[in-house]
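The next block holds one structure in the form of structure tokens; read it before the comments.
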Amino acid sequence: MKKYLFLIAAFGFLSVTSFAQTRVIRGKLTAFNRYPVENVEVAAKKAKSSVLTDSLGEFTLVCNEKDIIQIRGKVFERMTRRVQKGDEYIQANLIFRDTPKNREIATGLGYISEEILTFALTHLEDENNDFCNFTDVFSLIRGKFPGVQIRGSSAGGEGVFIRGQKSITQDTEAIYVVDGVQVSDISFVNPCEMVSIDILKDGGAAIYGSQAANGVVVIETKK
């Protein structure tokens, strides 16, 4: 009898523990930073659960603590997001891979209407990125350029340091050029206002002279 009571208690404990480790994440997926995308798969890797976004681009997903959210649509670049403590809502903008075939697939599978897609590709090309998914320009650089270091700058705050640079100066921080103007800091740049970002080094940075020996971060914004 005691053995059976022990087993019941053990199963009960496991059930409670298992339940406590799961959570519900809600979110919304868009394209071109404004249009909701439907029928995109959102999956939790550890919990092995998945759902499709609705007509508003929204979803509700059961996942585990520290789970990995995988976002998959045939015409969009795949995206992953690790669930952080306190995460309850995820909003992400997907990057559309523009080819004639993908345009047909996007409308055929109901991701987005033909009218909206045609308009977006004509007028909103600068919005076809995932920059808004990052909280600041430094987290964006971390995510986009794994070979680049972000650490304390001699001027205070954070700075960009490009690995492999052979510095001729003591300060090995890259220089920054925003919309064609050299600036001393890029913390003011809002990722959502960015059109492009490039990391230049060696020959690519030569056009900026000897001051660019440690590399150049070139950012273009919507101005």
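Note that my numbering gives residue 1306 to position 54 of the sequence shown, counting from 1, and the numbers run on in steps of one.
Note that CB positions come from ideal geometry on N, CA and C, so glycine has one too.
Residue i - DSSP class collapsed to helix/strand/coil
| i | result |
| --- | --- |
| Leu1308 | coil |
| Asn1385 | helix |
| Pro1443 | helix |
| Ser1365 | coil |
| Arg1286 | coil |
| Phe1397 | coil |
| Ala1344 | strand |
| Gly1404 | strand |
| Glu1379 | helix |
| Ile1438 | coil |
N-terminal and C-terminal residue of the beta strand (DSSP E) that residue i is part of
| i | result |
| --- | --- |
| Arg1275 | 1274-1283 |
| Glu1410 | 1410-1414 |
| Arg1324 | 1320-1324 |
| Thr1332 | 1331-1334 |
| Tyr1428 | 1427-1430 |
| Val1292 | Taken as a continuous stretch (DSSP letters only), Val1292 belongs to no beta strand (DSSP E), as it is neither H nor E. |
| Val1480 | Residue 1480 falls outside the range modelled here, since the chain spans only 1253 to 1475, and no answer is possible. |
Candidates the options, of which the one nearest residue i by Cα
| i | options | result |
| --- | --- | --- |
| Phe1390 | Val1441, Phe1371, Ile1277, Gly1362 | Val1441 |
| Ala1372 | Asn1385, Leu1392, Lys1353, Ile1347 | Ile1347 |
| Asn1285 | Thr1312, Val1303, Glu1377 | Glu1377 |
| Val1435 | Val1468, Thr1370, His1375, Phe1328 | Val1468 |
| Ser1231 | Glu1310, Tyr1428, Arg1324 | Residue 1231 lies beyond the residue range present for the chain, which begins at 1253 and ends at 1475; the question has no answer from this structure. |
| Asn1316 | Thr1305, Lys1297, Arg1324 | Lys1297 |
| Ile1402 | Thr1274, Val1430, Ala1426, Arg1334 | Ala1426 |
| Glu1379 | Tyr1287, Gln1273, Val1470, Gln1463 | Tyr1287 |
| Glu1327 | Leu1304, Ile1357, Asp1450, Lys1337 | In the sequence under discussion, the amino acid at residue 1327 is Val, which differs from the Glu named in the question. Nearest of Leu1304, Ile1357, Asp1450, Lys1337 to Val1327, Cα basis: Ile1357. |
| Arg1324 | Leu1361, Gln1336, Thr1424 | Leu1361 |
| Gly1279 | Val1447, Ile1438, Gln1322, Ile1393 | Gln1322 |
| Thr1332 | Gly1338, Lys1353, Gly1395 | Gly1395 |
| Ile1364 | Gly1338, Glu1290, Thr1424 | Glu1290 |
Residue span of the alpha helix (DSSP H) that contains residue i, given as start and end
| i | result |
| --- | --- |
| Ala1358 | 1352-1360 |
Between the CA atoms of residue j and residue i - distance to the nearest angstrom
| i | j | result |
| --- | --- | --- |
| Glu1340 | Gly1455 | 45 Å |
| Val1276 | Glu1293 | 16 Å |
| Leu1281 | Gly1309 | 5 Å |
| Thr1359 | Asn1345 | 18 Å |
| Glu1366 | Asp1382 | 21 Å |
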